[in-house]
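Data block below; observations after.
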Amino acid sequence: MQIEYGEALWIDEGKIVPLAELAERSGLTESQLRELVDYGALAPVDPDAAQWTFQTQYIVAARIAYRLHHDFELPPEGLAVVMGLVERVQALEAELRDLRARLPRWR
């Protein structure tokens, strides 16, 4: 039996990370991240800034993109489509959890 260890990361949603750090934490290259920005899958805090920065939530999105690219060899435009769908599923799951939390509990 092989045990695989992962990395835990505490994400402070009020923080931002530069492009280089996003690349380091996600496994994608800066060039790949720029392509994902071009396709609308990632959004820098200020697209017109000389040095792009991102909200820390994009670390998770970029890691998902890395896994999709690595496992399925998706091109950047395919990654952008799939990442949009993943984001939509996550939003729907959050909404479902919220609605379930509002339901009265039957005993």
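In terms of this note's numbering, the sequence shown is numbered consecutively and its last residue is 436. Glycine included, each C-beta is placed from N, C-alpha and C at the ideal position.
Where P405 is concerned, there is no enclosing beta strand (DSSP E), although the alpha helix (DSSP H) around it starts and stops at 405-431. Under the three-state reduction of DSSP output, Q380 falls in the coil class, being neither helix nor strand. Of A352, G413, L421, the smallest CA-CA separation from G369 is found for G413. Listed as beta-bridge partners of P347 by DSSP are T382. In this structure, I345 lies away from V366, with their beta-carbon atoms at least 7 Å apart. Note that the C-beta distance between L408 and H398 is below 7 Å. The three-state secondary structure of E364, taken from DSSP, is helix. Per the C-alpha coordinates, the member of A349, F383, V415 positioned closest to R396 is V415.
In this structure, L371 lies near Y387, with their beta-carbon atoms less than 7 Å apart. By alpha-carbon distance to F383, the top candidate from V411, E406, R434, A349 is A349.
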